[in-house]
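*Asks:* Count along the sequence shown from 1, then add 3; that gives the number in our numbering.
Here a beta-carbon is modelled for each residue, glycine too, at the ideal position from N, C-alpha and C.
All values reported here derive from a predicted model rather than from experimental measurement.
Okay, here's the structure, questions in a sec.
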Amino acid sequence: MLSNGEQSYLEHLAKNQIKFDFHSILSAETVGQFKPHPAVYRFAAKKLNLEPRQIMMVAAHSFDTLGARISGYRGAYVNRYDLPYDESNFRIIYA
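Rendered as structure tokens:
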């Protein structure tokens, strides 16, 4: 799991609400940036000891998928809210 949520909350959520034993629970909090910043995706790949091209981000927000794809991941958009996937709505600029 890779999320912008706080690490302690994600661990609580996985154990008590989702009730799934994730291989890894990673928080953008550790990086000091939030998705879709590429540093978050680089951090996750490094922690998982994988190349970005070996990872797929599955997300219900197209900005997460776009950020992942820009970082070398494959991306899958889950349209939970009946919204169009339109990359043209997003502009990711980093200084």
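With DSSP collapsed to three states, give me the class of GLY8.
*Replies:* Taking the first residue of the sequence shown as position 1, residue 8 is located at position 5. Coil, per DSSP.
*Asks:* By the three-class DSSP mapping on this structure, what secondary structure does ALA63 have?
*Replies:* On the sequence shown, position 60 is the one that residue 63 refers to. Coil at ALA63, not helix or strand.
*Asks:* Quick check: what's the CA-CA separation for GLY35 versus PHE46?
*Replies:* Walking along the sequence shown from the start, residue 35 turns up at place 32. Walking along the sequence shown from the start, residue 46 turns up at place 43. Cα to Cα, GLY35 sits roughly 11 Å from PHE46.
*Asks:* Please report the residue range of the beta strand (DSSP E) in which TYR80 lies.
*Replies:* Your numbering for residue 80 matches position 77 in the sequence shown. 77 to 80 is the extent of the beta strand (DSSP E) around TYR80.
*Asks:* For TYR44, report the span of its alpha helix (DSSP H) as first-last.
*Replies:* Taking the first residue of the sequence shown as position 1, residue 44 is located at position 41. Run containing TYR44: 41 to 51, per the alpha helix (DSSP H) assignment.
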